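Participant: Below are the structure tokens for one structure; questions will follow.
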Amino acid sequence: MKKIILIIIGMVLSLSVFAESKYARINGIWFRIDTENHVAVVIPMSAIKGATFTDPYDKKMSQLVIPNTVPYYPSVLKKEYYECPVIGIEAHFFADNTYIKDVILPKSITFIGDSAFAGCKSLKSIEIPASVTEIGEYAFANCKKLRYVRFNSSLGAKAGNKTWFVGTKASVESVLMPGESVSIP
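At position 138 of the sequence shown (counting the first as 1) the number is 960 in the numbering used here, and the numbers step up by one without a gap.
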């Protein structure tokens, strides 16, 4: 009986620390949760204050699937929770990852930070949802194997005027938008 009580106390304490930290980890991906607005952002593990460990799964996944929502439990004493939409990817998050080949972004995402995927040498394809209104500088720079980029909005028309694909220009064959193809100069 004492063991069960100690296990329950340990679980409650670990959950309360998790809830206070405003971070969540799903399938090896870390998220910062804005508890006031109930939204989440993909973050690099180095952004978590005091983090001194590494997660090898983060580095070795070949297909990156970012979920649409992240659950947030404001209290471990209540069953109430929020499904926080994932709205962005912070700068440099996947930079220099050599394993990621394909990226699937949720329809809730609105921004991709500077150099978010820069140097991902194995990245072959990514589809940018229509909800994305901002892509940071050098977001896909030096992604040598990038062959397919699909924009589901008019944002793709701006691709030739940005630094998004610096160092990948020769590898990117086309940017597809609804109903048309556009080559990257």
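Here a beta-carbon is modelled for each residue, glycine too, at the ideal position from N, C-alpha and C. None of the values given here were measured: they were computed from a predicted structure.
How long is the line joining the alpha carbons of P951 and E902, rounded to whole angstroms?
Facilitator: Within the sequence shown, numbered from 1, the residue matching residue 951 stands at position 129. Within the sequence shown, numbered from 1, the residue matching residue 902 stands at position 80. Each residue's Cα considered, the two are about 30 Å apart.
Participant: Looking at the structure shown, is P866 part of a helix, part of a strand, or coil, going by DSSP?
Facilitator: Working through the sequence shown from its first residue, we reach residue 866 at position 44. If DSSP states are grouped into helix, strand and coil, P866 belongs with coil.
Participant: If you check the beta carbons only, do S953 and S930 fall under 9 Å apart?
Facilitator: The residue you call residue 953 lines up with position 131 of the sequence shown. The residue you call residue 930 lines up with position 108 of the sequence shown. Going by C-beta atoms, S953 is nearer than 9 Å to S930.
Participant: Would you mind working out which of N849, G935, G941 and W852 sits nearest K967, comparing C-alpha positions?
Facilitator: As a working mapping, residue 967 is identified with position 145 in the sequence shown. If we check each option's Cα against that of K967, G941 comes out closest.
Participant: Any idea what DSSP makes of V908, helix, strand or coil?
Facilitator: Here residue 908 refers to the residue found at position 86 when the sequence shown is read from its first residue. It is a strand residue.
Participant: By Cβ distance, which residues of its chain are closer than 6 Å to S947, with the 5 residues on each side in sequence left out?
Facilitator: In the sequence shown, residue 947 corresponds to position 125, counting from 1. The answer, listed in chain order, is D924 and Y970.
Participant: Assuming the contact rule is C-beta atoms closer than 8 Å, I926 and I888 should be a hit. Round their C-beta distance to whole Å, please.
Facilitator: The count along the sequence shown starts at 1 and reaches residue 926 at position 104. The count along the sequence shown starts at 1 and reaches residue 888 at position 66. Contact flag correct, Cβ pair sits at about 7 Å.
Participant: Residues in the same chain with beta-carbon distance under 8 Å from A961, minus the five sequence neighbours each way, listed in chain order, please.
Facilitator: Translated into positions along the sequence shown, residue 961 becomes position 139. Result list for A961: I934, G935, D936, S937, A938, F939, A940 and W986, in chain order.
Participant: Does F853 come out as helix, strand or coil in the three-state DSSP assignment?
Facilitator: The residue given as residue 853 occupies position 31 in the sequence shown. If DSSP states are grouped into helix, strand and coil, F853 belongs with the strands.
Participant: Is L945 helix, strand or coil by DSSP?
Facilitator: For the purposes of this step, residue 945 is identified with residue 123 of the sequence shown, where counting begins at 1. Correct three-state label for L945: coil.
Participant: For G872, count the other beta carbons within 10 Å of its own beta carbon; 16 or more makes it buried, fewer makes it exposed. Which is it?
Facilitator: For the purposes of this step, residue 872 is taken as residue 50 along the sequence shown, with counting starting at 1. Reliability fails at G872, whose pLDDT of 48 lies under 50, so the model's placement of it is uncertain and the value that follows must be treated cautiously. Flag for G872 reads exposed.
Participant: Just curious, the beta strand (DSSP E) that P893 is in, first and last residue?
Facilitator: The sequence position of residue 893 within the sequence shown is 71, counting from 1. Segment T891 to Y894, the beta strand (DSSP E) holding P893.
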